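Visitor: All letters in the sequence shown, in the order written, are residues 1097 to 1329 by the working numbering.
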Amino acid sequence: MTAAPGRANSTIGRVVVLLGAPGAGKGTQAQVLSQKLGLAHVATGDLFRAAVRDGTPLGVTAKGFMDRGELVPDSVTIEMLLERLAKPDAEAGILLDGFPRNTAQAGVLDEALAAKGGRVDIAPFIEVPEADLVARLGGRWICRAQGHPYHELTKKPAQPGVCDVDGSELYQRDDDKPETVKARLRQQLGALDQVVSYYRDHGVLAGVDGRVDIDKVTSDLLEVIVPAIQSKG
Ligand code: ADP
Ligand code: AMP
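1. Rounded to the nearest angstrom, what separates residue 1324 and residue 1222 at their Cα positions?
2. Can you give the Cα-Cα distance for residue 1107 and residue 1184, rounded to whole angstroms?
3. How close, in whole Å, do the beta carbons of residue 1052 and residue 1233 come, if the pair is a contact with beta carbons under 8 Å?
4. Tell me which same chain residues have a C-beta within less than 6 Å of the C-beta of residue 1139, skipping the five on either side of it?
5. Between residue 1165 and residue 1212, what straight-line distance do the alpha-carbon atoms span, to the nearest angstrom?
6. Buried or exposed for residue 1244, please, with buried defined as at least 16 other CB atoms from any protein chain shown within 10 angstroms of its CB.
7. As a quick exercise: from 1150, 1149, 1168, 1151, pick the residue whose alpha carbon is nearest that of residue 1158.
8. Measure the C-alpha to C-alpha separation of residue 1231 and residue 1163 and round it to an integer number of angstroms.
9. Across which residues does DSSP place residue 1305 in a beta bridge pair?
10. Would the beta-carbon of residue 1240 be found less than 7 Å away from any heavy atom of ligand 1?
11. At a cut of 8 Å, does the segment 1274-1282 reach the segment 1197-1206 through at least three beta carbon pairs?
12. On a CA-only basis, which of 1248, 1219, 1207 is nearest residue 1268? Give me that one, please.
13. Determine the direct distance from the alpha carbon of residue 1174 to that of residue 1098, and round the result to whole angstroms.
14. Hey, would you say residue 1147 sits closer than 8 Å to residue 1224, going by beta carbons?
15. Could you tell me whether the Cβ atoms of residue 1124 and residue 1321 are closer together than 8 Å?
16. Since residue 1219 and residue 1300 are thought to touch, with beta carbons under 8 Å apart, how far apart are those beta carbons, to the nearest angstrom?
17. Ligand 2 and residue 1271: does the residue's C-beta get closer than 7 Å to at least one heavy atom of that ligand?
18. For residue 1189, does the three-state DSSP call read helix, strand or coil?
19. Classify residue 1114 as helix, strand or coil using the three-state DSSP reduction.
20. For the alpha helix (DSSP H) holding residue 1323, just list the boundary residues, first then last.
21. Could you name each continuous alpha helix (DSSP H) segment of 4 residues or more that falls completely within the segment 1211-1295, going from the start of the chain to the end?
22. Run the proximity test for residue 1156: is its beta-carbon closer than 7 Å to any non-hydrogen atom belonging to ligand 2?
23. Do you know how far the Cα of residue 1289 is from the Cα of residue 1102?
24. Report yes if the C-beta of residue 1251 is less than 7 Å from at least one heavy atom of ligand 1; otherwise report no.
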């Protein structure tokens, strides 16, 4: 797919693609890394949840797929992502979380970035065994305002039920219920393997152990990301 007229003129800075299974810790890390690195955090799951909350046509389309733990069709997802990349804050660089989810999306992303004079600089892969993901997702709470993630055992908010960052209410996602979690992992892990291979073949993959504590994952991610983006402005 080619970027639509009007988008091709804009530029883009550094591009980091954070990879990992559902529950691996992408959102947790993206929140910290985007601030430390001055990159816009772009999470397609957050964009879909906002559309569902606002009742937009995009949200109505996406909801059924999300409730079943399936990927939303590429046509819808890619259009939404390209619109997000056209926003001014993307020019400073972006940290992608939850996109691409299959190799077709990865190919479109490469084309869209090339049209803006950019490329994927590094794709860190947060590795967590499947057995741990169920407990991560089952205990996850996120905030209503911005989707900041917490965990009832491993990352408790200072005040129960309230986001440390923005004070909004915490809730459990519908798709974090046990049946949907199983469906999500069953339907999405195969495609993740292919995306990991795609970036390995392109020489930008960097594996990071996601089983250690949150701060250690952050420092391990910074160790691979910083050298990869340092050479760019
Ligand atoms: P993703 O965005 O990849 O789906 P999240 O960042 O939402 O994953 O993390 C999933 C859950 O696991 C959250 O409840 C989060 O608080 C918790 N979590 C994230 N990283 C770790 C970690 N390194 N150790 C333990 N729990 C973690
Ligand atoms: P996430 O918040 O990343 O776990 O995403 C929640 C849900 O949104 C997923 O289970 C999918 O239904 C949908 N979704 C998010 N990102 C994508 C994507 N890149 N492609 C297709 N569906 C997506």
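Backbone N, C-alpha and C fix where the C-beta goes; we use that ideal spot for every residue, glycine too.
No experiment lies behind these values; they were computed from the predicted model shown.
Guide: Per the coordinate set shown:
1. Those two C-alpha atoms are separated by around 17 Å.
2. Whole-angstrom Cα-Cα distance: 9 Å.
3. Since the displayed the chain opens at 1097 and closes at 1329, residue 1052 lies outside it and no answer follows.
4. The residues are 1193, 1194.
5. Those two C-alpha atoms are separated by around 33 Å.
6. In summary, residue 1244 is buried, with 16 or more beta-carbon neighbours lying within 10 Å of its beta-carbon over all protein chains present.
7. Of 1150, 1149, 1168, 1151, the smallest CA-CA separation from residue 1158 is found for 1168.
8. In this structure, the CA atom of residue 1231 is about 19 Å from the CA atom of residue 1163.
9. In DSSP, residue 1305 forms a bridge with 1223.
10. Distances from the CB of residue 1240 to the heavy atoms of ligand 1 are all 7 Å or more.
11. Not touching, per the Cβ criterion.
12. The candidate whose alpha carbon is nearest that of residue 1268 is 1248.
13. Summary for residue 1098: the model assigns pLDDT 41, below 50, so the residue's position carries little reliability; its value from the coordinates is reported in the next sentence. Near 11 Å, if we compare the C-alpha coordinates of residue 1174 and residue 1098.
14. It is not a contact, given that the beta carbons lie outside the stated cut-off.
15. No, the pair does not count as a contact, with Cβ atoms beyond the cut-off.
16. Sure, about 5 Å apart at Cβ, within 8 Å.
17. Correct: residue 1271 has its Cβ closer than 7 Å to ligand 2.
18. Strand at residue 1189.
19. In the three-state scheme derived from DSSP, where H, G and I count as helix and E and B as strand, residue 1114 is classed as strand.
20. 1310-1326 is the span of the alpha helix (DSSP H), which, as asked, contains residue 1323.
21. Runs of the alpha helix (DSSP H) inside the segment 1211-1295: 1226-1234.
22. Judged by the Cβ position, residue 1156 fails to qualify as a neighbour of ligand 2 at the 7 Å threshold, every heavy atom of the ligand being at least this far.
23. With a pLDDT of 42 at residue 1102, under the threshold of 50, the modelled position of that residue is not reliable, and the figure given next carries that caveat. If I take the Cα positions, the gap works out to 34 Å.
24. Because some heavy atom of ligand 1 lies under 7 Å away, the Cβ of residue 1251 counts as near it: yes.
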